[in-house]
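Offset between the sequence shown (1-based) and this note's numbering: plus 3.
Below: one structure, written as structure tokens.
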Amino acid sequence: MKKGQVKWFNDAKGYGFIVTDEGQDIFVHYSEIQGFGHKTLIEGQEVEFEVSETDKGLQARNVVRL
Numbered sequence: 004m005k006k007g008q009v010k011w012f013n014d015a016k017g018y019g020f021i022v023t024d025e026g027q028d029i030f031v032h033y034s035e036i037q038g039f040g041h042k043t044l045i046e047g048q049e050v051e052f053e054v055s056e057t058d059k060g061l062q063a064r065n066v067v068r069l
């Protein structure tokens, strides 16, 4: 699992980016946010996640809000 902070997240569109502790930008989709209810992230929020390679680049999986 990697750790990082939410760089930005568009609640209306359901996606955004996380920046890792190493400075790498990772795409995040709301469907990968763990938990119940409204799935959103707040700029600057600390998160833990897995990274997978897709045809469009790196994507965060199993995102847990810390």
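In this text, a Cβ means the ideal position worked out from N, Cα and C, and glycines have one as well.
Please report the residue range of the beta strand (DSSP E) in which S34 lies.
-> That residue, S34, is in no beta strand (DSSP E); it is neither H nor E in DSSP.
T23 lies in the beta strand (DSSP E); which residues open and close that run?
-> Note, T23: beta strand (DSSP E), Y18 to T23.
Going by CA-CA distance only, name the one from K10, K42, I45 and K59 that's closest to T78.
-> With the chain running from 4 to 69 in the structure shown, residue 78 is simply not present.
With respect to the beta strand (DSSP E) encompassing Q8, which residues constitute its N-terminal and C-terminal limits?
-> Its beta strand (DSSP E) spans residues K5 to N13.
N13 and E35 look like a contact to me (Cβ under 8 Å); what is the Cβ gap, rounded to whole Å?
-> No, N13 and E35 are not in contact; Cβ-Cβ is about 15 Å, not under 8 Å.
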